[in-house]
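Working notes, structure below.
2 protein chains.
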Amino acid sequence: MMYDVVIIGGGPAGLTAGIYTKRAMLKALLLEKTGVGGQIIVTDLVENFPGFQEISGADLAKKFEEHAQKFGLETKSMVEVSGIEDKGKTKLVKTSEGDIEAKAVIIATGTTPRKLGARGELDFIGRGVSYCATCDGFFFREKVVVVVGGGDSAITEAIFLTKMAKKVYVVHRRDKLRAEKINQEHAFANPKISFVWDSVVEEIAGKNVVEKVIIRNVKTNATSEIKTDGVFIYVGLIPNTAFANVKKDEWGFIIPNDKMETSVRGIFVAGDCRVTPLRQIATAVGDGAIAAVSAERYIEEISA
Amino acid sequence: MMYDVVIIGGGPAGLTAGIYTKRAMLKALLLEKTGVGGQIIVTDLVENFPGFQEISGADLAKKFEEHAQKFGLETKSMVEVSGIEDKGKTKLVKTSEGDIEAKAVIIATGTTPRKLGARGELDFIGRGVSYCATCDGFFFREKVVVVVGGGDSAITEAIFLTKMAKKVYVVHRRDKLRAEKINQEHAFANPKISFVWDSVVEEIAGKNVVEKVIIRNVKTNATSEIKTDGVFIYVGLIPNTAFANVKKDEWGFIIPNDKMETSVRGIFVAGDCRVTPLRQIATAVGDGAIAAVSAERYIEEISA
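In order, the protein sequence lines correspond to chains A and B. 561 is the number that our numbering gives the last residue of the first sequence; the numbers go up by one with no jumps. 561 is the number that our numbering gives the last residue of the second sequence; the numbers go up by one with no jumps.
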């Protein structure tokens, strides 16, 4: 059984690629490691995908899935991909359910935010714990938030959060930042930001929503607490691309051109797992559409 | 009155930029030449914006507009922009209602499809006449369609349409194509495509929907008709960018980097009016989000 396109990953990018490949009358199969939906299904409230003023991530994922199914997209859940063998005009997608042949592959496997490992962290996701200030910052107007991390993402997002929050604490395990100098200067100059150096978050606590974090100074071992409404965690984003033998940056994000072509002809990428200036549902659907149209043109090219 | 961001154009790209700038707590103003909505308001049925299985372009535009308004986006209709004066940290947007000052500008003015000028063309838009096969091709499964044009868009879309339509006529005013050689070869080899050379469409006719086109051979002046369900017109796309003094390609499409920055610092671009491999609602919303976040970071940078 030869597919035109195998799409790996069932988040917004993969499902949009599914809609576009099916509307282009291609034989397409979407593989998903767990269930369809991707990272957004753990998102409590989405306010910034145009057309939906307020929707839960799970409901939006369901709408995307139904939309793709309407056009007959075949999907398989609980299938793990371990590699893609490039046989020229055919790609062999190696999976936990055996090999699948396709003319083109679209990688839309997303990222996994690196967890702090603090007590309570997982319990409060969507109830004060967030991994995306662009997504969730607006919910913290006139509130107090803690940002954990010292890299560029942590610092630019801390600055961003000062536009909404009345107070932003940056908790960092070292005594200096890794972020670009200019970002550091802006953060130091910002009166709403306070730095808590040499410290790690040990626990995130509250009744129904986050109320405080307990931090430990790694030099003195002293613990203290900060009362806060939110905790934004920026300690790294892991692209789910280990299986893919295409060109990536030093962190593992796949490097595409503007047509979402990767370094291997016939393998395309879409969404959060690529090198990109922004990771949002709005950008993922754009990527998915482009990857699908590029895959369609590629298949036409090799078929003639 | 100084705005943080002036957004020029109220289609999906501009309205998404509006949602994102307002959620970033920026003072933003959206200017629109006619009414809000953009090119999609003339689209009868949209099936490929994820989350909405079937929606009219006008209804989708309304949802985008309401979404932006919910976050307090200020909009002005019936305002024509004639230029942007770059005064460094301030931009002066020259409009039919006077000058407007802003720290950053997002250009999201879209394109205008070049019209054939055939009788009936405008009457049948959305009822058989289309300017986008990726958008509307799926509605013509097992039908007959006419493609007008001889460039790369016309020919790649004619090939694309053979996947749905049972027959595709390509009507071209010359006796050879301008499209890339490889596209020509694929089109000539495709048994579903017939070429009608040296011919122009004089009239598109039907009762409620398109039923036929009347063509005239420009060498013999003889007229004839082709029975058809659809007419896809690919005689050029005009970017609405004449007012903008930023780097463009030879056709006037604005050249951005991946952050949607143009050649002028503080001026950003989003959507159809930029150089891009695909012009869809899905890609426009991605662009709008990126342009807004880039504008926000730029304003932070110049403000410190």
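The beta carbon of each residue, even a glycine, is placed where N, CA and C say it ideally should be.
Three-way DSSP call (helix, strand, coil) for residue i in this model
i	result
VAL299(A)	helix
ASN440(A)	helix
LYS360(A)	strand
GLY509(A)	coil
GLY487(B)	strand
GLY355(B)	strand
LEU373(B)	coil
GLU378(B)	coil
GLY493(B)	coil
Inter-residue spacing [alpha-carbon to alpha-carbon] between residue i and residue j
i	j	result
TYR426(A)	VAL403(A)	5 Å
THR291(A)	THR352(A)	13 Å
ARG431(A)	GLU378(A)	21 Å
ALA361(B)	ALA552(B)	6 Å
GLN441(B)	TYR491(A)	51 Å
GLU342(A)	GLY528(A)	22 Å
TRP454(B)	ALA548(B)	43 Å
LYS320(B)	LYS320(A)	16 Å
ILE297(A)	ILE461(A)	22 Å
ILE364(A)	ASP356(B)	47 Å
LYS484(A)	GLN537(A)	29 Å
ILE204(B)	GLY406(B)	No information on residue 204(B) is available, as it lies outside the stretch 258 to 561 that chain B covers here.
VAL428(A)	GLY487(A)	13 Å
LEU494(B)	THR300(B)	16 Å
GLY345(B)	ALA359(B)	11 Å
CYS389(B)	GLU437(B)	19 Å
VAL338(B)	PHE500(B)	7 Å
ASP261(A)	LYS284(A)	5 Å
GLY294(B)	LEU317(B)	8 Å
GLU311(B)	VAL386(B)	19 Å
GLU558(B)	LYS348(B)	15 Å
LYS424(A)	THR477(A)	25 Å
GLU304(A)	PHE381(A)	19 Å
THR519(B)	ILE524(A)	29 Å
GLY509(B)	ARG371(A)	43 Å
LYS504(A)	GLY408(A)	24 Å
ILE416(A)	ILE450(A)	8 Å
PRO269(B)	PHE306(A)	11 Å
ALA479(A)	VAL470(A)	14 Å
ILE264(A)	ALA274(A)	7 Å
Run of the alpha helix (DSSP H) containing residue i, from where it starts to where it stops
i	result
SER551(A)	538-560
PRO448(B)	Taken as a continuous stretch (DSSP letters only), PRO448(B) belongs to no alpha helix (DSSP H), as it is neither H nor E.
GLU414(A)	409-418
ALA390(B)	390-393
Boundaries (first-last residue) of the beta strand (DSSP E) holding residue i
i	result
SER520(B)	Element bounds for SER520(B): n/a, residue is neither H nor E.
SER481(B)	480-484
ALA462(A)	456-462
GLU468(B)	467-474
VAL403(B)	401-405
VAL425(B)	424-428
Cβ separation of residue i and residue j, assumed to be a contact under 8 Å, to the nearest whole Å
i	j	result
GLU459(A)	ARG376(A)	7 Å
ILE512(B)	VAL532(B)	5 Å
ASN497(A)	THR391(A)	Their Cβ separation, rounded to whole angstroms, is 20 Å, which puts ASN497(A) and THR391(A) out of contact at 8 Å.
LEU272(A)	ALA325(A)	5 Å
MET421(A)	PHE397(A)	5 Å
ARG280(A)	PHE395(B)	5 Å
Any non-hydrogen atom of the ligand HEM closer than 7 Å to residue i Cβ
i	result
GLY528(B)	For the structure depicted, the ligand HEM is absent and the ligand set is empty, with no information on it obtainable.
Mind listing, in chain order, the continuous beta strand (DSSP E) runs of no fewer than 3 residues lying wholly within the stretch 266-340 of chain B? 285-288, 331-333
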